[in-house]
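Counting in full-length UniProt numbering, the sequence shown runs from 1 upward without gaps. Scroll down for the structure; my scribbles are underneath it.
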Amino acid sequence: MDRAGIKRYEAKKRLRHKEDFCQITEHMTENKYRGSMELVAKNLRRYSAAPGYDLSILLDTAVFIFLTGNSDMHLKNFSLIYDGGERRLAPAYDLLSTRLVIPAKDDPEEFAMPMNGKKSNFKEADFLKFTESAGLNEKHYKRAAARFAKRLPAMLDLIERSFLPEEKRCQYRELIAARAARLKILPDRV
């Protein structure tokens, strides 16, 4: 456990090999923003021992990074971890809201890498299209949206109880509620 109380998978005594998606896609580190969410999905489908499951986790991660305003998820933030001879999507990391510290006027992009050829102005249709391009079906997205709709009250409560100044707590809650509405994650559940 680290000081934040988050159990880190790297902290286990047994070391496991990990490759980030810069390595997997043969991108130099300085080109970590030159990938796309579709490139990550394509390589997950190719290399994961459980591609359907890992792709559904990738979809959840994409929804989460959008809702929370993380516009810095790049190829080095997605990895495959080797466990028992199998490659699987590593637990997500660097999950933070860049929007809280970098206003939209200074960085209008909502994603670091394109999804459906764009980095901002996402709507539910964009996530449905990404879901399809990843080889999943609409039900996968609908289930992900339902999970987030169910968890949004707890997310917002956690923000309210956080150490953030009141202004940032309000900004964060408004950001999540507005983005949830754009994805048709029902605001009345928020």
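Backbone N, C-alpha and C define an ideal beta-carbon position, used for all residues, glycine too.
A distance below 8 angstroms between beta-carbons, with the five flanking residues on each side excluded, links residue 159 to the following residues of its chain, in chain order: 169, 172, 173 and 176.
Taking the Cα of residue 65 as reference, the smallest distance to any Cα among 39, 93 and 76 is reached at 93.
In the structure shown, residue 72 falls within a coil segment according to DSSP collapsed to helix, strand and coil. Note on geometry: alpha-carbon atoms of residue 145 and residue 185 lie some 6 angstroms from one another. Of the residues 99, 84, 28 and 59, the one whose Cα lies closest to the Cα of residue 40 is 59.
In the DSSP assignment, residue 82 falls within the beta strand (DSSP E) that extends over 79 to 83.
In this structure, DSSP gives residue 89 an extended state, which the three-state scheme calls strand.
Remark: C-beta atoms of residue 67 and residue 55 do not approach each other more closely than 7 angstroms. When DSSP states are grouped into helix, strand and coil, residue 20 belongs to the strand group. For residue 155, the secondary structure class from DSSP, reduced to helix, strand or coil, is helix. Assigned with DSSP and collapsed to three states, residue 118 falls in strand. In the structure shown, the three-state DSSP call for residue 132 is helix. Taking a C-beta distance under 7 angstroms as the contact criterion, residue 107 and residue 116 do not qualify as a contact pair.
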